[in-house]
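In numbering that gives the first Met the number 0, the protein residues as written are 0 to 65.
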Amino acid sequence: MSYRDVVKKAKKAGFAYRRTTGSHEVWWNFRNGLTCVIPRHFDISPGTLRGIIKQIGLSEKEFRDL
């Protein structure tokens, strides 16, 4: 999945951009206080994507349905 697609889904899940550290962005959900780190790479590998989905607090199906 591409970086842009992951960011769109994170925004739909209620996350907002917080800061950048190197080639990674930190996104924060003000409703529940969760944070997730999204690497600024063209393609995000499946294992990294699973980690991001866990940080967001959704199942893989819920994430794909956003």
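Just so you know, even glycine gets a beta-carbon here, dropped at the ideal spot from N, CA and C.
Keep in mind the model is a prediction, meaning the values are calculated, not measured.
Option nearest residue i by Cα separation, candidates the options
i   : options            : result
P38 : S58, T19, N31      : T19
F41 : S22, G56, E61, N31 : S22
E61 : A12, Y2, D4        : A12
R3  : I43, Q54, T34, I52 : I43
C35 : I51, S58, P45, F29 : I51
F29 : I55, R63, E59      : I55
CB-CB length for residue i against residue j, believed under 8 Å
i   : j   : result
W27 : A15 : 6 Å
Proximity of residue i and residue j at Cβ, strictly below 8 Å
i   : j   : result
V25 : R17 : yes
M0  : L48 : yes
Where in the region 2 to 62 do unbroken runs of the beta strand (DSSP E), each at least 3 residues long, occur, reported from the N-terminal end onward? Runs of the beta strand (DSSP E) inside the region 2 to 62: 14 to 20, 23 to 28, 34 to 38.
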